[in-house]
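Numbering (the working numbering), first residue to last: 902 to 978. Every residue gets a Cβ at the ideal spot worked out from N, C-alpha and C, and that includes glycine.
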Amino acid sequence: MGIRILAKLRTRKLVVTLRMGRGIYEFAVDRAGRIYTTGRRGRRVRRPARRDVTLIVQTLVRLGRPDLARRVWRRYP
C-alpha cells in the first residue's frame, strides 16, 4: 500500500495526505487531535474509519509528530 506523505501546516491544522490505491485522501488534524476533511469547508469527521485512523497515526509518527498521533489515537478509540 503506497502511502506518500505530504504534510503542510495550514490554519493551525496539519494536512495529512494518504495515497492509497488510486485515490488520494486528505485529512487535516488540529492540535487537539481532531480529524477534519479538507476542502473549502473542512468539516469535522464524526467517526473516521479505523483504517484511516491507523494510517493517519502512522503518518504522523513518521512525520515526527508522535504527540499529535497519541492525541488522535486517544480521541478515536
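query, result
"P949, buried or exposed, once every other Cβ within 10 Å from all chains shown has been counted against 16", "buried"
"Buried or exposed by the 16-neighbour rule on C-beta atoms within 10 Å, applied to R905", "Its pLDDT being 48, under 50, R905 is placed unreliably by the model, and the measurement read from it follows with that caveat. So R905 counts as exposed."
"Delimiting residues of the alpha helix (DSSP H) encompassing V958", "951 to 963"
"Classification of G903 by the beta-carbon crowding that lies within 10 angstroms, buried from 16 upward", "Any answer about G903 is weak, because its pLDDT of 45 lies below 50 and its placement is not dependable; what the coordinates show is given next. Counting Cβ neighbours within 10 Å, G903 comes out exposed, since fewer than 16 surround it."
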